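Below: one structure, written as structure tokens.
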Amino acid sequence: MSACARGRRAAGWYGAWLLAHVGAAGAPAGHLEPFGSWAPGKPIKEWTSLPSPLEFFEHCQLDGGASEPVLMRGAAKGMPAMDWTSDEYLLEKFGGSKISGVEYDLKETRVGGQVPGMRVLRDFLSKYNTTDIYMVSQIPKEMRQDVKFLPFLRCGGYLDFLDVANLWIGRGGSKSVVHYDDQDNINCMFSGRKRFIFMHPKYKREFEAHPNTAKNRFGWVDADLDKNVKGYGAFFGNLDVDRVDLINLPGWSEVEYSYAELEPGDCLYIPYQWYHQAADAEL
């Protein structure tokens, strides 16, 4: 349960790197394995104490404004929302609260669509443990008082730019598509565990070249450019995050990434236009 929003390398370098990372069967390392398996990645920066508003602003300006993701350990532990740990508790306190969105497909595809008949939280809680659905809703009015803005957001004008506060709930096993957002995001975990993988916006030109065609080496699609493309928006729609095909999508073997593993009480800053993928990490 959580709440939140470079040019191609030289061919010679790529060839040498790829040949050094070929598996015993002749396929690249990580072929047909979960997203990120082609390389170990590196953990993102962690803060064990929260920054001041000025320090957070300075972090946002790093790398020419691209900034970088950062994990804030324990940042949400003082929020009343940390009590949202059981269906019984949520039903008793918020069962009649109106919700605004429930979608099909715990493994996100962007083609599942909205689940009908989901008007209040009770409707969702009565179904989600035995079906392939998850909730992405604006935080219901009655629940908002349990979610506090982190102290460094309370001055300096940050809240003037707040777009939306969403609540995710799933039964486990959820996986997002690989995508980016056009806003900065802060994601806080109240229950469960989640793993995020991040790619720098420097890959934008490579990632998004020749969308909706076989020339794209990463599986990028844009439904706004071709109405025959299933789903909505722009994302890596031809990429299976459970079995990454590094033969047909060889570009991923070149990509460097970082990662974070969130536990209850942790918050995560995701900067604007950083590509990312999130997956349930419960043992």
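If you use mature numbering (1 follows the signal peptide of the UniProt record, and there is no 0), the sequence shown corresponds to residues -26 to -1, 1 to 257, in order. Ideal Cβ positions, reconstructed from N, Cα and C, are used throughout, including at glycine. Source: prediction; values computed, not measured.
Where A(-3) sits in the DSSP three-state scheme: Annotation note: pLDDT 43 at A(-3) (below 50); position unreliable, coordinate value reported separately. The answer is coil: DSSP assigns A(-3) none of H, G, I, E or B.
For residue 265 and N212, what's the separation of their Cα atoms in angstroms? A query on residue 265 cannot be resolved here, the shown segment of the chain reaching from -26 to 257 and no further.
From the DSSP output, which residues share a beta bridge with V195? Paired residues: F209.
Measure the C-alpha to C-alpha separation of K201 and V195 and round it to an integer number of angstroms. Approximately 11 Å, taken between the alpha carbons.
Mark L64 as exposed unless 16 or more other C-beta atoms lie within 10 angstroms of its C-beta, in which case mark it buried. L64 comes out buried.
Do E42 and K16 have their C-beta atoms within less than 8 Å of each other? Cβ atoms of E42 and K16: not closer than 8 Å.
If contacts are defined as beta-carbon pairs under 8 Å, then G225 and F192 qualify, I think. What distance do you get, rounded to the angstrom? About 5 Å separates the CB atoms of G225 and F192; that is less than 8 Å, so the two are in contact.
Around the Cβ of N222, are there at least 16 other Cβ atoms within 10 angstroms (buried) or fewer (exposed)? exposed
V138 and L6 closer than 8 Å at C-beta: no
Please report the distance separating the alpha-carbon of M53 from that of K189. 48 Å
Inside the region 94 to 159 only - beta strand (DSSP E) runs reaching at least 3 residues: 107 to 112 and 140 to 143
Using a Cβ-Cβ cut-off of 6 Å (strictly less than) and excluding sequence neighbours within five positions of A(-3), which residues of its own chain qualify? Summary for A(-3): the model assigns pLDDT 43, below 50, so the residue's position carries little reliability; its value from the coordinates is reported in the next sentence. Within the same chain, A(-3) has no close Cβ partners at all.
Quick one: using the 10 Å Cβ neighbour count with 16 as the cut-off for buried, is V44 buried or exposed? buried
Are K168 and A252 close, meaning C-beta to C-beta below 8 Å? yes
Quick one: what's got a C-beta closer than 6 Å to Y206's C-beta in the same chain, skipping five residues either side? R84 and A197
If you drop the 5 nearest sequence neighbours on each side, which residues of the same chain put their C-beta closer than 6 Å to that of K204? V85
Grouping DSSP H, G and I as helix and E and B as strand, with all else coil, what is K51? coil
Restricting to Cα atoms, I'd like to know which of F68, R179, I107 and G4 is closest to G87. I107
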